[in-house]
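Take a look at the structure set out below.
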Amino acid sequence: MEAANITNSIPLLTPYKMGKFNLAHRVVLAPLTRMRSYNNVPQPIAVKYYSQRTSKGGILIAEATGVSDTAQGYPNTPGIWTKEQVEAWKPIVDAVHDKGGIFFCQIWHVGRVSNSVYQPNGQAPISSTDKSLTSNDVQQFTKPRRLSTDEIPHIVNDFRLAARNAIEAGFDGVEIHGAHGYLLEQFMKDKVNDRTDEYGGSLENRCRFPLEVVEAVVNEIGADKVGIRLSPFAEYAESGDSNPNELGLHMVNALNKYNILYCHMVEPRIKSASETIESPYSLVPMRKAFNGSFMAAGGYDRQDGIDAIAENKADLVVYGRLFLANPDLPKRFALNAPLNKYNRETFYISDPVVGYTDYPFLE
Ligand SMILES: Cc1cc2nc3c(=O)[nH]c(=O)nc-3n(C[C@H](O)[C@H](O)[C@H](O)COP(=O)(O)O)c2cc1C
1305 MEAANITNSI PLLTPYKMGK FNLAHRVVLA PLTRMRSYNN VPQPIAVKYY SQRTSKGGIL
1365 IAEATGVSDT AQGYPNTPGI WTKEQVEAWK PIVDAVHDKG GIFFCQIWHV GRVSNSVYQP
1425 NGQAPISSTD KSLTSNDVQQ FTKPRRLSTD EIPHIVNDFR LAARNAIEAG FDGVEIHGAH
1485 GYLLEQFMKD KVNDRTDEYG GSLENRCRFP LEVVEAVVNE IGADKVGIRL SPFAEYAESG
1545 DSNPNELGLH MVNALNKYNI LYCHMVEPRI KSASETIESP YSLVPMRKAF NGSFMAAGGY
1605 DRQDGIDAIA ENKADLVVYG RLFLANPDLP KRFALNAPLN KYNRETFYIS DPVVGYTDYP
1665 FLE
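For the sequence shown, the working numbering assigns the number 1305 to the initial residue and increments by one for each residue that follows.
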């Protein structure tokens, strides 16, 4: 089949210029935690995993990567705060570049979505609040310690250094993880943030810390290398907001001042990792208000992605589970080929191959 002829007529597979990056299509690999970075160090097995999912001119977002020794809440997630971690990322980034891909690192702090076993000296996780998450069969959470006002600049600095390290490792840029109930959202959302200092209360105050992170990262590596992920509508990890639409709009308007490269938003239909809902909301107001490139994620299939691009609801469409299970997803979309099914059971196992690099390519 003549892939070039077909792709020209499929909006999802048309080129797009994002800042200085010439993207060949609009199918983006979502950040996907895979828990195969033993002892928080990226492993050589990730060379194959990311390389399999690279296409020439395609953009990949690496899995959530810890900014400091307090940033983890799960076993075997990668970090980027030590020299060893930076060195370990290099061959992985090189492999993506060798195939003509563009690679962003998602930098992350889990905040209270953690347990003292993942913390230095078994200390309490840090957060905007000292309210605990409800533990369940899968995760046991430790009561967090509320950050004092004068500690916040140190966390901002951890993000700045992590961004510097990501560039040192060869990444083309970073995506600040401001979604899914992790530390930045624990400040943004009013169902979590119960602070009385200048980081709590009003919408402006609640967004202060995330925007300080953005500013620090922009000053460190340049706005043309910075994206952010936001999920104002989601309620992961008990982090809802009473006015998500207003929160989303406030953030994109504030982000415009920093001229960052992209804003990556999770669709309102995604309520949590395991729950999809019908929602009266849409990302369109934020897409319209934001000046940079706009990525949309969450529950997209091929046709949905085509429609989103055709209707100008996004510049790029981000695929998680489908890309996890289909390393050659852009090609399958081009050919409208059948897709492999993902296996939830192997998403987070530590096996270096099974459910990781053994999903088959098209014949
Ligand atoms: C195995 C797995 C790991 C994930 N890890 C992350 C992550 O590290 N960072 C993040 O922002 N979202 C993460 N997500 C959410 C995805 O990026 C994506 O938003 C979600 O899967 C919905 O998109 P989909 O319907 O295309 O899968 C993860 C999802 C899955 C299934």
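All C-beta atoms in this analysis are idealised placements derived from N, C-alpha and C, irrespective of residue type, glycine included. None of these values were measured; they are calculated from a predicted model.
- Query: Under the three-state reduction of DSSP, which class applies to residue 1369: helix, strand or coil?
  - Reply: strand
- Message: What does the alpha-carbon distance come out to for the pair residue 1638 and residue 1348?
- Response: 30 Å
- Just tell me which of 1317, 1365 and 1354 has its CA closest to the CA of residue 1601. Nearest in C-alpha terms to residue 1601, of all of 1317, 1365 and 1354, is 1365.
- May I ask you to check if the CB of residue 1537 is nearer than 7 Å to at least one heavy atom of ligand 1? no
- Answer yes or no: does any C-beta atom of chain C fall closer than 8 Å to that of residue 1530? The chain labelled as chain C is not found in the depicted structure, where only one protein chain is given.
- Please confirm whether any heavy atom of ligand 2 lies closer than 7 Å to the CB of residue 1566. Inclusion of ligand 2 in the displayed structure is not the case, the ligand content consisting of ligand 1 alone.
- By the 10 Å Cβ neighbour count, where 16 or more other Cβ atoms means buried, how is residue 1578 classified, buried or exposed? exposed
- Task: Please determine if the stretch 1402 to 1417 and the stretch 1472 to 1489 are in contact, where contact requires at least 3 C-beta pairs separated by less than 8 Å.
- Result: Contact holds: three or more Cβ-Cβ distances are below 8 Å.
- Which one of 1640, 1623 and 1608 has the shortest CA to CA distance from residue 1617? 1608
- Query: Within 7 Å: the Cβ of residue 1319 and any heavy atom of ligand 1?
  - Reply: Outside the cutoff, so no.
- Hey, would you say the C-beta of residue 1651 is under 7 Å away from at least one heavy atom of ligand 1? yes
- Message: Quick check: what's the CA-CA separation for residue 1324 versus residue 1528?
- Response: 8 Å
- In whole angstroms, what is the alpha-carbon distance linking residue 1640 and residue 1316? Going from the Cα of residue 1640 to the Cα of residue 1316 covers about 12 Å.
- Task: Note down the Cα distance separating residue 1328 from residue 1314, rounded to an integer number of angstroms.
- Result: 12 Å
- Item | residue 1483: CB within 7 Å of a non-hydrogen atom of ligand 1 | yes
- Query: Excluding five sequence neighbours on each side, which residues of the same chain lie with their C-beta closer than 8 Å to the C-beta of residue 1322?
  - Reply: Here the set comprises 1363, 1565, 1566, 1597, 1619 and 1620.
- Ends of the beta strand (DSSP E) at residue 1600? 1597 to 1601
- If you draw a straight line from the C-alpha of residue 1575 to the C-alpha of residue 1582, how long is it? 9 Å
- Message: For the pair the stretch 1375 to 1395 and the stretch 1455 to 1471, tell me if three or more CB-CB distances fall below 8 Å.
- Response: yes
- Query: Just curious, the beta strand (DSSP E) that residue 1407 is in, first and last residue?
  - Reply: That run of the beta strand (DSSP E) goes 1406 to 1412.
- residue 1405 to residue 1333, Cα distance in whole Å? 11 Å
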